[in-house]
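The structure under discussion appears below in the form of structure tokens.
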Amino acid sequence: MAKRRTLSPARHTRRMTTAHAAATVTDNAEETPSTESQQVLALGSLLKEPKTDNQEVQHFRREIVADRKRMEALLDQRAQQAQEAETRRRSELASTIREALTTPNRNIEGEAPTFYGTIIAEHLSYVPVANVLASSSALLQEYERLDKVSTDMRDEQAGPVTETWHQELQEAERQLQMGARVALRNVQKVLGVNVESIERIDTGGEGDGQDELNYELHKSLRYAERGVRRMVKGLPDDED
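Structure follows, in structure tokens:
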């Protein structure tokens, strides 16, 4: 028979430790599937059940409703205050306009109306006052335009406007007088009047303007001159 080998204490201890570790791993491997399945089941139950309490949700909803009502009441109060302030301003403006349009020397009989709760655009005096204001604005604009035109004309001219106008008037009068004298002299030449004696009388006269001819006389003289010339052209030539 073969002899059995006797193991040393160290080798025996190492073999026992290895066997125990293998048994432990085997037990853990058998327990792992069961633990994972339990976790999955617990997660499903947690997902099905709500995490918050119903009482907290109801309390939060009540707070939201109360805050909403409080904000709506505050907004209504502010809107009412703004409407009252606007009505008061309109009443004051209407009263001021009526006071301005009233004759100062005539007292208002009875209580002075303030047009409380009315719109100024619906008042009877609104349209006439608006038309007066528009006309006044247009009148001021036209005045400014004319003032600018007169200023530009004054800057362009060296002398005053009245002085320039008088000079132009005198120049036109002088030219008319010269034209009248020339026309009269031509007519007198055609009629055979002694022009030199008349010119001496004109230059040596008193110069009171009695010999000056008006426009109608000038026209008549021109027509007479034309007629005389035609008559002279129609006369036969004298033969010696």
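All letters in the sequence shown, in the order written, are residues 1 to 240 by UniProt numbering. The beta-carbon is built from N, C-alpha and C at its ideal position, and this holds for glycine as well. Source: prediction; values computed, not measured.
DSSP on L124, reduced to helix/strand/coil? The residue you call residue 124 lines up with position 124 of the sequence shown. Here L124 sits in coil by DSSP.
My guess is that H101 and S125 are in contact by the Cβ rule of under 8 Å, so how many angstroms apart are they, rounded? Here residue 101 is taken as the residue at index 101 of the sequence shown, counted from 1. Here residue 125 is taken as the residue at index 125 of the sequence shown, counted from 1. For clarity, residue 101 is Leu in the given sequence; the question names His instead. Indeed they touch by this definition, with Cβ atoms about 6 Å apart.
Could you check how far apart the C-beta atoms of residue 259 and V187 are, in whole angstroms? I think they sit under 8 Å. Examination of residue 259 is not possible in this model, given that the chain is present from 1 through 240 alone.
Below 8 Å CB to CB, which residues in the same chain sit around T114 once its five sequence neighbours on both sides are set aside? Within the sequence shown, residue 114 is the residue found at index 114, counting from 1. Because the pLDDT at T114 is just 49, under 50, the model does not fix this residue reliably, and the point stays unresolved.
Checking 8 Å against the spacing of the C-beta atoms, do L221 and L184 come in under that value? In the sequence shown, the residue the question calls residue 221 occupies position 221. In the sequence shown, the residue the question calls residue 184 occupies position 184. Going by C-beta atoms, L221 is nearer than 8 Å to L184.
Alpha-carbon spacing of A172 relative to M153, whole angstroms: The residue given as residue 172 occupies position 172 in the sequence shown. The residue given as residue 153 occupies position 153 in the sequence shown. Each residue's CA atom was taken as its position, placing A172 and M153 some 22 Å apart.
DSSP three-state assignment for E225, whether helix, strand or coil: In the sequence shown, residue 225 corresponds to position 225, counting from 1. It is helical.
Taking I97 as the reference, give the member of V65, A130, E72, A73 with the closest Cα. Within the sequence shown, residue 97 is the residue found at index 97, counting from 1. Looking at the Cα atoms, A130 is the closest of the given residues.
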